Amino acid sequence: MIATTSCGSSDDDCTKSISIPQVYFVGNQSYTTNTTQEVPCSFPEPTALQVVEPPYLEGFTYEIIFYEFTPDTGNNTSRLRFEIKLNNNSDRDVTGLPITTIRTGDITGTGPIFLNVATTTCPSIPANSSCLFTADFEESLNFGNTSPGEIIDIQYLLTE
Numbered sequence: 369m370i371a372t373t374s375c376g377s378s379d380d381d382c383t384k385s386i387s388i389p390q391v392y393f394v395g396n397q398s399y400t401t402n403t404t405q406e407v408p409c410s411f412p413e414p415t416a417l418q419v420v421e422p423p424y425l426e427g428f429t430y431e432i433i434f435y436e437f438t439p440d441t442g443n444n445t446s447r448l449r450f451e452i453k454l455n456n457n458s459d460r461d462v463t464g465l466p467i468t469t470i471r472t473g474d475i476t477g478t479g480p481i482f483l484n485v486a487t488t489t490c491p492s493i494p495a496n497s498s499c500l501f502t503a504d505f506e507e508s509l510n511f512g513n514t515s516p517g518e519i520i521d522i523q524y525l526l527t528e
């Protein structure tokens with residue numbers, strides 16, 4: 369925790385900067401960060417994590433250009449291919465990652481679900497621009513034949 373103070377002619381003018389530990393949740397994963405805030409010197413030091421909303425990019429949109437799952441390619445593999453256009457409609461460059469909500473049967477899950485199989489992960493998107501989030505992944509049927517599900521939503525989680 370970092371604290372600095374600056375005092376004027378009276379105690380009413382005294383301020384300090386404090387570091388507030390924060391946590392947010394995406395799916396079943398937690399992420400921690402710190403924020404700095406100027407407060408009166410009499411303000412108590414934070415003692416616990418503050419739960420905050422995940423920092424998603426406002427004005428973000430996406431377009432599924434194609435999404436194809438082949439349960440059996442004929443070569444003892446299944447194949448997932450997709451191309452999704454991620455749109456940063458803000459006036460600033462952003463760094464982050466796509467967070468996908470999918471539904472398979474009665475189960476819905478949210479997280480950076482496709483990042484480990486993606487060809488292009490879109491770790492940054494310039495202002496008023498787009499990035500193609502793509503994958504072309506084959507997996508042996510020896511590991512099971514599970515559909516990746518239906519994409520319900522995509523958001524862009526800011527990491528900087």
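So the sequence shown is numbered by the working numbering: it starts at 369 and just counts up by one. Just so it is clear, CB atoms sit at the ideal spot from N, CA and C, and this is done for glycine as well. All figures in this text were calculated on a predicted structure; none of them were measured in a lab.
Residue i (DSSP reduced to helix, strand or coil)
i                 : result
aspartate 521     : strand
phenylalanine 450 : strand
phenylalanine 511 : helix
aspartate 504     : strand
isoleucine 386    : strand
Residue environment, residue i, which counts as buried when at least 16 other CB atoms sit within 10 Å
i                 : result
asparagine 402    : exposed
glycine 464       : buried
asparagine 456    : buried
serine 446        : buried
leucine 425       : buried
alanine 416       : exposed
proline 466       : buried
phenylalanine 450 : buried
valine 419        : exposed
isoleucine 475    : exposed
Residues that residue i bridges to, as DSSP identifies them
i           : result
glycine 473 : None; glycine 473 has no bridge partner.
serine 498  : Asn455
So does the stretch 428-445 actually touch the stretch 500-520, counting three or more Cβ pairs closer than 8 Å?
-> Contact between the stretch 428-445 and the stretch 500-520 is present, because at least three Cβ pairs lie under 8 Å.
Does the stretch 471-484 come within contact of the stretch 384-396, defined as at least 3 CB pairs closer than 8 Å?
-> Yes: the two stretches touch, three or more of their Cβ pairs being nearer than 8 Å.
Would you be able to state if there are at least three C-beta pairs under 8 Å between the stretch 427-434 and the stretch 509-528?
-> The stretch 509-528 is in contact with the stretch 427-434.
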